[in-house]
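The working numbering numbers the first residue of the sequence shown as 1 and each following residue consecutively.
Every residue, glycine too, gets a C-beta built ideally from N, C-alpha and C.
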Amino acid sequence: MALFIAEEQNHARLLARLLEAAGASTIQSHWSDAVFVWLRRALGLKLELMVLTIAEVVALAYYRVLRDGAGDRLATEVAARLLADERRHVPFHLDRLGEVSGVSRAAWRVLFLGAVLVVAADHGSALRVLGVTRRGFVREAMAEFAAAVSRRPVTNRPAVPSSA
Ligand SMILES: [Fe+2]
């Protein structure tokens, strides 16, 4: 758990440095962060892990899109590192979470879809620059979630653009 937190803190550091390299500043807060923290704390451990897993799987889809579409060596490198970490975070949370089935699993998927729709709406212009439509991102993220919860690797990944 300590290592997981340290890795997430390292992700924040890498992303801040990446923005810095691009001459952009970091924001002090975002409403979605407050909602995420509130949701995690308001629910019991199992639901907290389900919410955390949602964030991690959305991150998987987002970092892959960033890695494959950035067309910038530094951004691609940072995204690839974060993606490699997230690929291990997701099974880590799922191991602690245990089996989620039936109604809980269906509700989990609905909550995931809600989170992905918010990200797609909020990051539409960034996704467009990365060569992905909002709809395409939602589709990829849903496939990522389905693969993650059924513990199988995602297949049919689009190839990395040659410009990267
Ligand atoms: Fe993570």
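Environment of ligand 1 in chain order, Cβ to heavy atom below 5 Å: Close to ligand 1, as judged by a C-beta nearer than 5 Å to any of its heavy atoms, are the residues Glu56, Glu86 and His89, in chain order.
Collapsed DSSP secondary structure at Tyr63 in the structure displayed: Correct three-state label for Tyr63: helix.
Closest residue to Val138 among Arg152, Leu15, Leu111 and Ile27 (Cα-Cα distance): Per the Cα distances, Leu111.
Nearest residue (CA-CA) to Glu48, options Trp31, Ser104, Ile27 and Ala24: The candidate whose alpha carbon is nearest that of Glu48 is Ser104.
CB contact flag (Ala61, Glu8, <7 Å): One thing to note: Ala61 has its Cβ no nearer than 7 Å to the Cβ of Glu8.
Ala24 in three-state terms, based on DSSP: In the displayed model, Ala24 falls within coil according to three-state DSSP, outside both helix and strand.
Three-state secondary structure (DSSP) of Ala6: Three-state DSSP puts Ala6 in a helix.
Sequence-distant residues of the same chain with beta carbon closer than 7 Å to Ala115, five excluded per side: Taken in chain order, the residues that qualify are Ile54 and Val58.
Backbone CA spacing between Glu99 and His93 [nearest angstrom]: C-alpha separation (whole angstroms): 11 Å.
Proximal residues to Val228 (C-beta, below 7 Å), its chain only, five neighbours per side dropped: Residue 228 lies beyond the stretch modelled for the chain, which goes from 1 to 164, so this question has no answer here.
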